[in-house]
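Engineer:
Here it is as structure tokens:
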């Protein structure tokens, strides 16, 4: 809020007052639009199997295929 750059300040205020978010493949006139590229991360949780601990992809064929 103390930023001297009016563009940043105004858009931060818009962000704070956001009530809902929509997705679209094309920009929408009179709306604040951004492009967000997310990283896809695969997390293999630890699982207890036969009194030992394994990563789920080590004991499950379907988890290994992901």
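Numbering (my numbering), first residue to last: 123 to 188. Where is the CB? At the ideal position from N, CA and C, for every residue including glycine.
(1) Taking the continuous beta strand (DSSP E) assigned at residue 171, which residues delimit it?
(2) Between which two residues does the alpha helix (DSSP H) holding residue 184 run?
(3) With distances taken Cα to Cα, identify the nearest neighbour of residue 135 among 147, 145, 150, 154.
(4) Distance, Cα to Cα, residue 177 vs residue 139?
Structural biologist: Reading from the atomic positions:
(1) For residue 171, the uninterrupted beta strand (DSSP E) segment begins and ends at 168-171.
(2) In the DSSP assignment, residue 184 falls within the unbroken alpha helix (DSSP H) covering 183-187.
(3) Nearest of 147, 145, 150, 154 to residue 135, Cα basis: 154.
(4) Approximately 42 Å between the Cα atoms of the pair.
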